[in-house]
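What follows is a set of notes on a single structure, which appears directly below.
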């Protein structure tokens with residue numbers, strides 16, 4: 041029981057990070073009709089800004105994180121305004137490839153700006169809550185608690201805005217048809233730029249949460265979450281906002297639960313530690329295979345709607 | 003009709019069917035045969051590179067650059083066929099390359115069977131995976147398919163990590179002799195040339211035209227009696243087989259690879275780089291794919307590293323390749339192949355203008 045609780049607590053931070061990244065990817069997908077492959081490195085840039093301000097200049101964390109959010113936001117808005125809008129023949133695949141080109145640019149620019157790459161990452165509050173369940177010592181880091189609170193506030197705020205505000209309405213209009221939305225008086229350029237800005241901000245926030253309390257950050261350390269977010273988007277269905285986010289919450293949880301099932305349950309039943317550990321090793325693969333099977337039978341995603349296509 | 007088709011497919015078919023009116027026309031016709039171009043290109047690359055390095059005109063690092071370009075080009079050409087001719091996109095290239103690497107490791111390095119057997123094993127496994135992806139592509143399209151293949155690639159990478167994280171093939175004997183690092187060239191470049199010729203024949207054959215029809219409109223293609231199942235499966239099978247062959251060539255050159263490292267052959271970055279290479283070069287041209295691959299993989303170790311400015315600032319190399327990708331996509335969607343064609347037209351226009359100035363308009 042204690043080990044199970046520990047697994048749940050361990051999954052909380054990856055769940056928050058994946059949910060935030062997935063929200064960013066979904067926003068961009070719905071307004072720009074493309075997948076942003078540079079999301080991971082834009083987020084990493086934010087994490088570098090935050091840890092420079094925090095560890096090198098000694099700023100308080102609640103100043104460093106907002107500045108990093110603004111930095112990532114600026115980059116993301118510039119991508120939309122400068123690269124996407126000015127391109128003469130840019131289509132969906134073209135936009136994807138532009139974001140790929142951005143990866144190599146940003147990855148090389150980061151070491152030029154932040155000369156020392158082995159930074160100490162930011163830390164919201166140090167320390168852990170510890171309690172005993174039976175004999176098992178469960179630890180819950182305070183950073184994770186802060187992360188959960190921030191994620192819940194941000195996501196709830198975004199969903200409320202999307203559902204009830206005028207901006208949310210224009211985002212939904214642009215998502216359903218950019219051209220018609222433009223004719224109806226929605227300034228689609230502004231909607232897209234703002235969505236990119238929010239996506240950049242969410243990315244930086246996710247990177248800060250992911251790095252909080254960890255020893256090191258790297259240029260590619262958000263790529264794994266980005267790939268999971270794409271998968272979550274497809275499995276949940278990009279047609280809605282809540283679908284991808286729900287799946288994004290499920291994927292890290294399920295991965296850790298499979299590890300728990302292998303290490304905790306199978307090992308204790310069969311007494312074979314090796315078997316349990318090998319099941320735990322394959323947890324990511326199992327999740328991916330399940331996701332592929334779901335997509336094969338539900339191509340529009342679990343929460344998606346079928347779009348009728350006319351010839 | 004039959005004569006024309008045969009001319010297109012076979013190397014010297016012109017001579018058997020059409021008697022050349024004069025010797026010059028015959029030579030001209032043979033010289034304009036694209037298949038001959040590929041062969042000449044390969045031979046020239048091998049001879050010139052060998053001579054130049056032996057005479058110390060070029061540094062030894064050129065070998066690495068050219069060999070890696072040739073090995074990666076094989077998967078780029080497959081991707082070119084998939085994207086430019088079938089209208090399907092995939093980000094699974096990295097994972098498919100791993101099939102070739104691990105086939106060489108398990109079949110040749112561990113079991114001691116000949117190298118060719120491991121390549122055949124890689125081709126068989128790749129074909130099976132190609133069939134799976136092809137079936138998936140019938141249900142899912144465009145960006146969804148891209149992400150799905152990305153997921154598949156991650157699955158393959160996880161499998162590689164669980165099988166054996168780092169592999170080292172040691173020395174491999176081909177035709178009874180152990181190869182030195184530079185001699186790998188004499189295996190990889192001929193394979194590339196064969197692949198180029200096969201791909202050219204696929205493109206000009208009815209299969210290529212069916213794929214093109216499918217790319218332009220699936221509904222219209224189906225109405226013309228083209229089976230989506232058959233050609234999508236075929237496109238994916240060819241693409242994965244090429245990637246697997248490319249993987250076995252890559253491992254032959256590098257000797258070792260680590261699956262868990264972010265810059266290994268099977269990482270996401272390889273798939274992205276191959277896609278970028280095809281876009282830079284022009285996604286409907288075999289030459290473009292090879293040239294784009296050179297820009298992504300060969301330019302650094304050959305030309306840029308001999309310029310002192312770039313050896314002092316190595317970060318600029320990646321920045322430039324990134325900016326190049328962005329600029330090409332923004333302003334030249336047809337890639338450098340299209341740029342070359344535009345230049346050709348401009349040149350022809352100038353030529354015409356000069357002739358008109360010289361001899362008057364009528365002759366033009």
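Chains as they are written, first to last, in the numbering used here: chain A, 41 to 351; chain B, 3 to 366. Quick reminder that beta carbons are idealized off the backbone N, C-alpha and C, glycines included. This structure is a prediction, so every number in the text was calculated from the model and none was measured.
May I ask which residues mark the beginning and end of the beta strand (DSSP E) holding residue i?
i             : result
residue 168/A : 168-173
residue 260/B : 258-260
Since residue i contacts residue j with CB under 8 Å, what's their CB separation in whole angstroms?
i             : j             : result
residue 252/A : residue 265/A : Their Cβ separation, rounded to whole angstroms, is 14 Å, which puts residue 252/A and residue 265/A out of contact at 8 Å.
residue 275/A : residue 342/A : 6 Å
residue 127/B : residue 105/B : 7 Å
residue 244/A : residue 83/A  : 6 Å
residue 253/B : residue 103/B : 4 Å
residue 322/A : residue 43/A  : Not confirmed; about 19 Å, so no contact.
residue 282/B : residue 337/B : 6 Å
residue 279/A : residue 345/A : 5 Å
residue 97/B  : residue 165/B : That belief does not hold up - the Cβ atoms of residue 97/B and residue 165/B are roughly 13 Å apart, past 8 Å.
residue 79/B  : residue 244/B : 6 Å
Tell me the residue span of the alpha helix (DSSP H) that contains residue i.
i             : result
residue 313/B : 310-314
residue 333/A : 323-337
residue 137/B : 117-141
residue 36/B  : 36-56
residue 280/A : Premise fails: residue 280/A is in no alpha helix (DSSP H) and is neither H nor E.
residue 136/A : 132-153
residue 148/B : 144-165
residue 192/B : 187-206
residue 65/B  : 63-82
residue 237/A : 228-251
residue 106/A : 101-118
residue 57/A  : 42-72
residue 259/A : Note, residue 259/A: premise wrong, no alpha helix (DSSP H); not H, not E.
residue 217/A : Here residue 217/A belongs to no alpha helix (DSSP H), and DSSP marks it neither H nor E.
residue 429/B : Since the first residue shown for chain B is 3 and the last is 366, residue 429/B is missing from the structure and cannot be characterised.
residue 99/B  : 95-105
Is residue i close to chain B, meaning its C-beta is less than 9 Å from at least one C-beta of that chain?
i             : result
residue 77/A  : yes
residue 213/A : no
residue 92/A  : no
residue 141/A : yes
residue 345/A : no
residue 190/A : no
residue 151/A : yes
residue 331/A : yes
residue 226/A : no
residue 116/A : no
residue 126/A : yes
residue 71/A  : no
residue 84/A  : no
residue 339/A : yes
residue 66/A  : no
residue 88/A  : no
residue 251/A : no
Please decide whether residue i counts as near chain A, where near means a Cβ-Cβ distance under 9 Å.
i             : result
residue 324/B : yes
residue 344/B : no
residue 164/B : yes
residue 332/B : yes
residue 91/B  : yes
residue 239/B : no
residue 320/B : yes
residue 46/B  : no
residue 160/B : yes
By DSSP's criteria, residue i is part of a beta bridge. Which residues make up the other side?
i             : result
residue 180/B : 175/B
residue 179/A : 170/A
residue 170/B : 258/B
**Request:** Could you list the residues in the stretch 144-156 of chain B with a C-beta less than 9 Å from some C-beta on chain A, going in chain order?
**Result:** 144, 145, 146, 148, 149, 150, 152, 153, 154, 156
**Asked** For the stretch 263-284 of chain A, which residues have a CB atom closer than 7 Å to at least one CB atom of chain B, in sequence order?
**Response** 263, 267, 270, 271, 274
**Asked** Looking at chain B, which residues of the stretch 306-325 of chain A have a Cβ within less than 9 Å of any of its Cβ atoms?
**Response** 318, 321, 322, 324, 325
**Asked** According to a CB-to-CB cut-off of less than 7 Å, which residues of the stretch 106-139 of chain B neighbour chain A?
**Response** 138
**Request:** Taking a Cβ distance cut-off of 8 Å, strictly less, list which residues of the stretch 286-300 of chain A are near chain B, in chain order.
**Result:** none
**Prompt:** Taking a cut of 7 Å between CB atoms, which residues from the stretch 247-279 of chain B lie near chain A?
**Reply:** 264, 270, 274, 277, 278
**Asked** For the stretch 174-198 of chain A, which residues have a beta carbon sitting closer than 7 Å to at least one beta carbon of chain B?
**Response** none
**Message:** Any C-beta of chain A within less than 7 Å: which residues of the stretch 210-242 of chain B qualify?
**Reply:** 221
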